[in-house]
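A quick write-up on the structure given underneath.
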Amino acid sequence: MVAKLRSGDLVKVIYGKDRGKQGKILKVLPNGRLVVEGVQVVKKHKRAQEEGQEAGIVSMEASIDRSNVMLVDPETGKPTRVGVSIKREVRGGKVKITRTRISKKSGKEIKV
44 MVAKLRSGDL VKVIYGKDRG KQGKILKVLP NGRLVVEGVQ VVKKHKRAQE EGQEAGIVSM
104 EASIDRSNVM LVDPETGKPT RVGVSIKREV RGGKVKITRT RISKKSGKEI KV
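Using the numbering used here, read the sequence shown as starting at 44 and increasing by one per residue.
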């Protein structure tokens with residue numbers, strides 16, 4: 044199955060306190076959440092783990108639900124829905140199925 048949102052994709056937040064911000068996906072979590080660069084930044088209090096390491100307050104990105112973001116179309120630069128194109132090729136009696144992501148706005152293939 045092809046994932047509609049992958050690490051490295053440029054997305055735009057469409058709902059929530061960070062609405063309108065754009066960023067790259069840093070991590071896709073298995074529970075349907077994403078960590079996006081520069082979005083949902085929280086402050087975390089860190090304790091010193093070793094001698095020589097300092098304790099303090101660290102800013103880091105928290106996860107956001109995937110329903111709150113849309114992929115930015117590389118052709119137009121605007122948010123778009125993502126579809127899946129399925130191509131079947133028959134080679135020597137074997138069927139090879141290729142799934143690619145396509146932009147619903149421009150109809151173009153989205154490169155990885």
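Think of the CB as a built atom: it goes at the ideal place given N, C-alpha and C, for glycine as much as any other residue.
What you are looking at is a predicted structure, and each value in this text was computed from that prediction instead of being measured.
Inset, instruction - Give the single residue among Gln96, Ser149, Leu69, Val84 whose Cα lies nearest to the Cα of Met103. - result: The residue you call residue 103 lines up with position 60 of the sequence shown. Taking only the C-alpha atoms, the option nearest Met103 is Val84.
Legend entry - Reduced DSSP secondary structure (H/G/I, E/B, other) of Arg62: One-based indexing of the sequence shown puts residue 62 at position 19. Three-state result, Arg62: coil.
Inset, instruction - Decide if Ser146 is buried, meaning its Cβ has at least 16 other Cβ atoms within 10 Å, or exposed. - result: Translated into positions along the sequence shown, residue 146 becomes position 103. The residue is buried, with at least 16 neighbouring Cβ atoms inside 10 Å.
Inset, instruction - Return helix, strand or coil for Ser110, following the three-state DSSP convention. - result: For the purposes of this step, residue 110 is identified with residue 67 of the sequence shown, where counting begins at 1. If DSSP states are grouped into helix, strand and coil, Ser110 belongs with the helices.
Inset, instruction - With a cut-off of 8 Å on the beta carbons, I'd call Val79 and Val112 a contact; round off their distance for me. - result: Working through the sequence shown from its first residue, we reach residue 79 at position 36. Working through the sequence shown from its first residue, we reach residue 112 at position 69. The Cβ separation is near 7 Å, so the contact holds.
Inset, instruction - Measure the beta-carbon distance from Arg109 to Ile129 and round it to whole angstroms, keeping in mind my assumption that it falls under 8 Å. - result: The residue labelled residue 109 in the question sits at position 66 within the sequence shown. The residue labelled residue 129 in the question sits at position 86 within the sequence shown. For a cut-off of 8 Å, the C-beta gap from Arg109 to Ile129 is around 22 Å, too long to register as a contact.
Inset, instruction - Have a look at Arg144 and Ala91 and give me their C-alpha separation to the nearest angstrom. - result: In the sequence shown, residue 144 corresponds to position 101, counting from 1. In the sequence shown, residue 91 corresponds to position 48, counting from 1. Put simply, the backbone Cα of Arg144 is about 44 Å away from that of Ala91.
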